[in-house]
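Peer 1:
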Amino acid sequence: MGTYISVRGWIACHEESVPQIKEVISSFIARAEDYGFDAELAEMYNQGWVIPDTHINWTHYIFYGADIRIQRLGYIRDQLKTLSKEIKYSEDEISINLTGIFHADHEDGTESYVWKLADGEFHEEKQIIALSPYGDPS
Numbered sequence: 004m005g006t007y008i009s010v011r012g013w014i015a016c017h018e019e020s021v022p023q024i025k026e027v028i029s030s031f032i033a034r035a036e037d038y039g040f041d042a043e044l045a046e047m048y049n050q051g052w053v054i055p056d057t058h059i060n061w062t063h064y065i066f067y068g069a070d071i072r073i074q075r076l077g078y079i080r081d082q083l084k085t086l087s088k089e090i091k092y093s094e095d096e097i098s099i100n101l102t103g104i105f106h107a108d109h110e111d112g113t114e115s116y117v118w119k120l121a122d123g124e125f126h127e128e129k130q131i132i133a134l135s136p137y138g139d140p141s
C-alpha cells in the first residue's frame with residue numbers, strides 16, 4: 004500500500020504573481036523523472052494545488068492539500084522552495100516575496116514538518132515524535 008504523508012497549506016500573493024506560480028508548478032511535470040516517477044503521476048500530484056479564479060480584496064490565496072506517498076515529498080517541497088525563491092511582486096516600487104505556511108504530517112504520527120515561505124527563503128522545521136512501546140506518540 005505504501006506510506007503516506009498529509010500535506011496542506013497556503014501561499015499569499017498578489018494577482019500579478021498567479022500566472023508565474025502556475026508556470027512554476029507546471030514546470031515540475033517535465034522534471035518528474037528527477038523525482039523517480041513519470042509526468043502522468045506528476046500531474047496527479049499537481050492536482051493538490053487549488054488556485055481560485057476569483058479573490059476577495061487584494062490578496063490571492065493559493066492552496067495545496069493532498070495525502071501523498073512519502074517518497075514524493077521532495078517533489079512538493081522543491082516546488083515550494085522554487086516558488087519562495089523565484090516569485091516576487093512589486094508594490095509601490097518595493098519588491099515583495101511570497102509568504103506561506105505548509106504542514107506535512109506522517110500518517111503514523113512519527114514525523115511532521117512545518118514549511119514557511121518568507122523573505123525569498125524556504126524554512127523547514129522537522130519534528131520527530133517518538134512512539135511508546137504501545138505504538139502511541141509519547
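In our numbering, each residue's number is its place in the sequence shown (first place is 1) plus 3. Glycine is no exception: its CB is placed at the ideal position from the N, C-alpha and C atoms.
(1) Nearest by alpha-carbon distance to Lys-88: which of Asp-122, Ser-9, Gly-51 and Ile-65 is it?
(2) Closer than 8 Å by C-beta to Ala-35: which residues in its own chain qualify, once you throw out the five before and the five after it? Chain order, please.
(3) State the Cα-Cα distance for the pair Leu-76 and Ile-8, rounded to the nearest angstrom.
(4) Under a three-way DSSP split, which group does Gly-112 fall into?
(5) Taking just the CA atoms, how far does Glu-124 sit from Asn-100?
(6) Please state whether the Cβ-Cβ distance between Ile-73 and Gln-23 is less than 8 Å.
Peer 2: This is what the structure holds:
(1) Asp-122
(2) Asp-41, Ala-42, Leu-44, Ala-45 and Tyr-78
(3) 8 Å
(4) coil
(5) The alpha-carbon separation between Asn-100 and Glu-124 amounts to approximately 9 Å.
(6) no
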